[in-house]
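What follows is a short report on a single structure.
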Amino acid sequence: MYVRNCWYVAAWAHELAENQLISRTVINEPIVLYRNKVGDIVGLEDRCCHRLAPLSHGRIEGNDLRCRYHGLKFNSSGACVEIPMQQAIPPQARVRSYPAVEKHSWIWIWMGDSSLADTSLIPAAVGLDDPHWTLRSGQMDFEANYQLINDNLTDLTHVRFLHPTTFLTPESFPFYAPMVERLDRGIRIWRWLPATSTKSPEKICDEGGDLWTAYDYLVPGIMLMPTVNVAFPKGTAERLGGGRPDVSNGTGVRGTLTSQAITPITDHTSRYFYSWGPSSGEGSDAAADSLLALAKTVFLEDKEMIEAQQRIINFDPGRKELLFGSDAGPVKMRSVIQHLVKAETAAASISSGKELHFAEHP
Amino acid sequence: MYVRNCWYVAAWAHELAENQLISRTVINEPIVLYRNKVGDIVGLEDRCCHRLAPLSHGRIEGNDLRCRYHGLKFNSSGACVEIPMQQAIPPQARVRSYPAVEKHSWIWIWMGDSSLADTSLIPAAVGLDDPHWTLRSGQMDFEANYQLINDNLTDLTHVRFLHPTTFLTPESFPFYAPMVERLDRGIRIWRWLPATSTKSPEKICDEGGDLWTAYDYLVPGIMLMPTVNVAFPKGTAERLGGGRPDVSNGTGVRGTLTSQAITPITDHTSRYFYSWGPSSGEGSDAAADSLLALAKTVFLEDKEMIEAQQRIINFDPGRKELLFGSDAGPVKMRSVIQHLVKAETAAASISSGKELHFAEHP
Amino acid sequence: MYVRNCWYVAAWAHELAENQLISRTVINEPIVLYRNKVGDIVGLEDRCCHRLAPLSHGRIEGNDLRCRYHGLKFNSSGACVEIPMQQAIPPQARVRSYPAVEKHSWIWIWMGDSSLADTSLIPAAVGLDDPHWTLRSGQMDFEANYQLINDNLTDLTHVRFLHPTTFLTPESFPFYAPMVERLDRGIRIWRWLPATSTKSPEKICDEGGDLWTAYDYLVPGIMLMPTVNVAFPKGTAERLGGGRPDVSNGTGVRGTLTSQAITPITDHTSRYFYSWGPSSGEGSDAAADSLLALAKTVFLEDKEMIEAQQRIINFDPGRKELLFGSDAGPVKMRSVIQHLVKAETAAASISSGKELHFAEHP
Numbered sequence: 012m013y014v015r016n017c018w019y020v021a022a023w024a025h026e027l028a029e030n031q032l033i034s035r036t037v038i039n040e041p042i043v044l045y046r047n048k049v050g051d052i053v054g055l056e057d058r059c060c061h062r063l064a065p066l067s068h069g070r071i072e073g074n075d076l077r078c079r080y081h082g083l084k085f086n087s088s089g090a091c092v093e094i095p096m097q098q099a100i101p102p103q104a105r106v107r108s109y110p111a112v113e114k115h116s117w118i119w120i121w122m123g124d125s126s127l128a129d130t131s132l133i134p135a136a137v138g139l140d141d142p143h144w145t146l147r148s149g150q151m152d153f154e155a156n157y158q159l160i161n162d163n164l165t166d167l168t169h170v171r172f173l174h175p176t177t178f179l180t181p182e183s184f185p186f187y188a189p190m191v192e193r194l195d196r197g198i199r200i201w202r203w204l205p206a207t208s209t210k211s212p213e214k215i216c217d218e219g220g221d222l223w224t225a226y227d228y229l230v231p232g233i234m235l236m237p238t239v240n241v242a243f244p245k246g247t248a249e250r251l252g253g254g255r256p257d258v259s260n261g262t263g264v265r266g267t268l269t270s271q272a273i274t275p276i277t278d279h280t281s282r283y284f285y286s287w288g289p290s291s292g293e294g295s296d297a298a299a300d301s302l303l304a305l306a307k308t309v310f311l312e313d314k315e316m317i318e319a320q321q322r323i324i325n326f327d328p329g330r331k332e333l334l335f336g337s338d339a340g341p342v343k344m345r346s347v348i349q350h351l352v353k354a355e356t357a358a359a360s361i362s363s364g365k366e367l368h369f370a371e372h373p
Numbered sequence: 012m013y014v015r016n017c018w019y020v021a022a023w024a025h026e027l028a029e030n031q032l033i034s035r036t037v038i039n040e041p042i043v044l045y046r047n048k049v050g051d052i053v054g055l056e057d058r059c060c061h062r063l064a065p066l067s068h069g070r071i072e073g074n075d076l077r078c079r080y081h082g083l084k085f086n087s088s089g090a091c092v093e094i095p096m097q098q099a100i101p102p103q104a105r106v107r108s109y110p111a112v113e114k115h116s117w118i119w120i121w122m123g124d125s126s127l128a129d130t131s132l133i134p135a136a137v138g139l140d141d142p143h144w145t146l147r148s149g150q151m152d153f154e155a156n157y158q159l160i161n162d163n164l165t166d167l168t169h170v171r172f173l174h175p176t177t178f179l180t181p182e183s184f185p186f187y188a189p190m191v192e193r194l195d196r197g198i199r200i201w202r203w204l205p206a207t208s209t210k211s212p213e214k215i216c217d218e219g220g221d222l223w224t225a226y227d228y229l230v231p232g233i234m235l236m237p238t239v240n241v242a243f244p245k246g247t248a249e250r251l252g253g254g255r256p257d258v259s260n261g262t263g264v265r266g267t268l269t270s271q272a273i274t275p276i277t278d279h280t281s282r283y284f285y286s287w288g289p290s291s292g293e294g295s296d297a298a299a300d301s302l303l304a305l306a307k308t309v310f311l312e313d314k315e316m317i318e319a320q321q322r323i324i325n326f327d328p329g330r331k332e333l334l335f336g337s338d339a340g341p342v343k344m345r346s347v348i349q350h351l352v353k354a355e356t357a358a359a360s361i362s363s364g365k366e367l368h369f370a371e372h373p
Numbered sequence: 012m013y014v015r016n017c018w019y020v021a022a023w024a025h026e027l028a029e030n031q032l033i034s035r036t037v038i039n040e041p042i043v044l045y046r047n048k049v050g051d052i053v054g055l056e057d058r059c060c061h062r063l064a065p066l067s068h069g070r071i072e073g074n075d076l077r078c079r080y081h082g083l084k085f086n087s088s089g090a091c092v093e094i095p096m097q098q099a100i101p102p103q104a105r106v107r108s109y110p111a112v113e114k115h116s117w118i119w120i121w122m123g124d125s126s127l128a129d130t131s132l133i134p135a136a137v138g139l140d141d142p143h144w145t146l147r148s149g150q151m152d153f154e155a156n157y158q159l160i161n162d163n164l165t166d167l168t169h170v171r172f173l174h175p176t177t178f179l180t181p182e183s184f185p186f187y188a189p190m191v192e193r194l195d196r197g198i199r200i201w202r203w204l205p206a207t208s209t210k211s212p213e214k215i216c217d218e219g220g221d222l223w224t225a226y227d228y229l230v231p232g233i234m235l236m237p238t239v240n241v242a243f244p245k246g247t248a249e250r251l252g253g254g255r256p257d258v259s260n261g262t263g264v265r266g267t268l269t270s271q272a273i274t275p276i277t278d279h280t281s282r283y284f285y286s287w288g289p290s291s292g293e294g295s296d297a298a299a300d301s302l303l304a305l306a307k308t309v310f311l312e313d314k315e316m317i318e319a320q321q322r323i324i325n326f327d328p329g330r331k332e333l334l335f336g337s338d339a340g341p342v343k344m345r346s347v348i349q350h351l352v353k354a355e356t357a358a359a360s361i362s363s364g365k366e367l368h369f370a371e372h373p
């Protein structure tokens, strides 16, 4: 179940050099990416309309892409502009084109109806070159459906059990249920990070107080974690029983910043893109390096659990979960996705003359 | 096709240390095993009821098991006894519990209706610590359905062709069809082991005569091979044309002892557990070692053939076999299993209010 | 979709030594091959009728083959001639026999109705021992359906794009569409090889002129490439715009010779057998070696593209191709195969008393 009318992270921008073709699979669809002569990203179906060879094995010619098997040439809109040994080019000779944009150091691709592609819907991730932060980046593949990773990231209560010696002090962590607000295309999660109990990357710059902080999680799986938190005297979280504080009593502090993106490759594999780092004023390069090393250790613990969870699910795919109040994050995020998918399906069914609303082939 | 109301060997007892969790798959079901504080075996569904994470990644707390993902705690009967950040525990918060027993050096698990679990049905295998035998043990995985291994072990006529240089002398082996008796939950196979023709492990202690001997094969795939045989003068088997002798004319001799168990992991993979050895009075440690080494060589020949047979079957799974009189062992053993499965299915269909008779979830 | 009533290359003749059993899979069917006492090839179903064990794990006894699992013995027509511990041999005790012939250094096997097996239908490949040619040979497996390789070899227009630095000069190749004639069981492809533009193996002996040349492509996937070409003055191809020349104006020249065969192993794997070499008078051993090295480089480029094409097709197996005039070779060859398959299906449906026309079991 995938939202189509949204932006997926297909790659880090630095993965795609000038005059290079890279092949990526997003929601089970093969895509070839390259840069045109002015550096803009072109995203085409990685499947020649002629004999279904991968265009990513071809070569870039100016702004166009030539198939290396029998030589058809396509322009950046996917239209075939040359067929060797033939003058006429039939209108069906084209491949699907995907709107693609480089922004915030990522290459974003729109998997739905091109006419609805709206760059203002690209989530406000922070690029690696942002002067306010010293960021480090990485990526990791999971043998698991992307929803399991979304579930993981929208419910950080697992940190206490899965990462007790990496993110947290070994002692029992005074955990409070987060508050989850629904956004237009995602959710916002408010939560306490009590002062002494944690060595979380997010606490690297704190001042010994309890932090009341939020992060956003947006479709299809984009996590934007805080730039500015509100600090309270140590013990406030406990005194409020984990409840919402009066933020006017707190002090804004800069924390660390992380942007993360989950992209479904196939139904059973996903790619995880992430950056993390301290603010430029507070954190050195060494701090940024050690922060990313810590994050990677933690992510590998997540990967091990999530891949094992997927294997368990595969034993009996129809098995139902039993959800509790603490699952508010995953439940609301899944609901956002279901809602958008449902709306797209409804829109597709009233769009006559097209098999699916996002179909582009004439 | 699996009998559920019976004991399967899940592991060697020495595989499961104190304060350790191990994950095993039996008839396609994921199971986690651990020992409670007094050393008894606990067998639970290896799938948290919350978000389906494997409990085998969790940790033991006293007699209980805590999920490492979000912290639910289960007691040894599978009931959830703690949900972090929540007071109420709904009755559905439980995982299936499997009766599990350590006996004869194996961990046995009951895959069916817990209320029918009867430890008197555990086959009389002989444990590694039995003072009468000097036993060695091993295990081996097969990429094959367990029935193919049952077939192999209930029809030892293959020894002449598959193991001519390992178990037998290179010369043609005067083989006689065995006699197969049906037991309550298995079969008993009587057969001749003529004196000079063999270097079979079972003959290590013989006295030059022909042996008339039997072994039992019990559901789901437990082989218990002779402790005491009846010896006759050399040539008796040939004189009787392989027929049944008058046992009152023979002499009891101790042979070697082997206990073996086949456990279906999935439909296409199986685990083979085995021990073998001479009687304590007759065999040294060195004899026990060389006996196991010989057995392992022979089992690897079986494994190669059976896995190849499975691959051939996979080409055309509907292909029928052509069975002869010499297939009495496999045919009767399959019939025992079919009969028990049929009885369970019938019992399940009259058991109202439950999807299957062995279902435990309320 | 496979033609059954035709000869498939199962192996190189030199792969099958005296007193050796080899197992091969052809169009998803397991086959065991061996030589009888006078060296003729025997091809049997590699699946014992008893318990479905592979006969290729057995042993040759004179002209017969004995199963190594339970000892059934089959003669070279597939009839069981011995069942251990049993006198009577039921008529169903047999395995399918496949007509098999060694010719032109290959072992050919007939996958259809034995009564229709006609050795005159074996394509006129050239054996490695032919005195007129200095041939070298090889083989390669593809993770792709055989039709994709047939497509590749019946449409050499891909050479210009896929092999520009191996087969061809880097400069743009003046390519002309080939002419395709339908044969009884295949196609003949006529084409120009202009003089200066190529370093194709076929041009190794040319004399600087344009060659007008043909090769045959026969079911199921046998390529026989020219022995004698017709040479014209350089520039003739361009002057005729790639059109058919008046062959009486040309001069016959010997080129190189290649025989190639594609054999479907399964629906998704294929084996490629090939030989290539100069004529004995013109080419040295060194020339033959370097020619094969070049061919192998080129075939690896094909393999990379075709396997990638197969993976792309697997994303969406229902996706239709868009074919052009230049696809005449593949289109006609596929049509030949479809036609033969259709004829076989029709013949099977009117053949009463048999499940399929090619079924041999009584």
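Chains as they are written, first to last, in the working numbering: chain A, 12 to 373; chain B, 12 to 373; chain C, 12 to 373. Ideal Cβ placement from N, Cα and C applies to all residues, glycine included.
Within chain C, the residues that residue i reaches when beta carbons sit closer than 9 angstroms
i	result
residue 96 of chain A	168, 186, 187, 188, 253, 335, 336 and 337
residue 204 of chain B	Within 9 angstroms Cβ-Cβ: nothing; residue 204 of chain B doesn't reach chain C, min ~16 angstroms.
Interface residues of chain A facing residue i [CB-CB closer than 8 angstroms]
i	result
residue 64 of chain B	316, 319, 320 and 323
Endpoints, beta strand (DSSP E) assigned at residue i
i	result
residue 221 of chain A	221 to 229
residue 326 of chain B	It is not in any beta strand (DSSP E) - residue 326 of chain B instead sits in the alpha helix (DSSP H) that spans 296 to 326.
residue 271 of chain B	267 to 277
residue 162 of chain C	Premise fails: residue 162 of chain C lies in the alpha helix (DSSP H), 157 to 164, not in any beta strand (DSSP E).
Partner residues on chain B for residue i, Cβ-Cβ distance less than 9 angstroms
i	result
residue 300 of chain A	Those do not exist, as residue 300 of chain A stays about 28 angstroms from chain B at its closest Cβ, beyond 9 angstroms.
Whole-number beta carbon distance between residue j and residue i, since they are thought to touch under 8 angstroms
i	j	result
residue 239 of chain A	residue 255 of chain A	Contact flag wrong, Cβ pair sits at about 17 angstroms.
residue 349 of chain B	residue 154 of chain B	Going by Cβ atoms, the distance from residue 349 of chain B to residue 154 of chain B rounds to 24 angstroms, so no, they are not a contact pair.
Chain-ordered chain B contacts of residue i [CB-CB under 8 angstroms]
i	result
residue 57 of chain C	323
7 angstroms CB neighbourhood of residue i in its chain, flanking five on each side removed
i	result
residue 82 of chain C	95
residue 346 of chain B	none
residue 199 of chain C	192, 225 and 227
residue 114 of chain A	133
Limits of the alpha helix (DSSP H) - the one that residue i falls within
i	result
residue 147 of chain B	Careful: residue 147 of chain B lies outside any alpha helix (DSSP H), inside the beta strand (DSSP E) at 147 to 153.
residue 340 of chain A	339 to 361
Interface residues of chain C facing residue i [CB-CB closer than 8 angstroms]
i	result
residue 173 of chain B	79 and 80
residue 162 of chain B	62
residue 68 of chain A	315, 316 and 319
Close Cβ partners of residue i (< 8 angstroms) along its chain, the five nearest in sequence each way excluded
i	result
residue 29 of chain A	46 and 50
residue 109 of chain A	42, 54, 55, 56, 120, 121, 122 and 125
residue 173 of chain C	312, 313 and 316
residue 65 of chain B	34, 41, 43, 57, 58 and 59
Same chain only: Cβ atoms within 6 angstroms of residue i, ignoring 5 sequence neighbours per side
i	result
residue 190 of chain C	201
Contacts of residue i in chain A (Cβ-Cβ under 7 angstroms)
i	result
residue 41 of chain B	323 and 326
- [ ] Taking only beta carbons into account, state which residues of the segment 320 to 334 of chain B come closer than 7 angstroms to chain C, listed in chain order.
- [x] Listed by position, the residues of the segment 320 to 334 of chain B near chain C (Cβ gap below 7 angstroms) are 320, 323, 324, 326, 330, 332 and 333.
Open item on the list: Against chain C, which members of the segment 82 to 111 of chain B pass a CB distance test of less than 8 angstroms?
Closed with: Residues of the segment 82 to 111 of chain B with a C-beta less than 8 angstroms from any C-beta of chain C: none at all.
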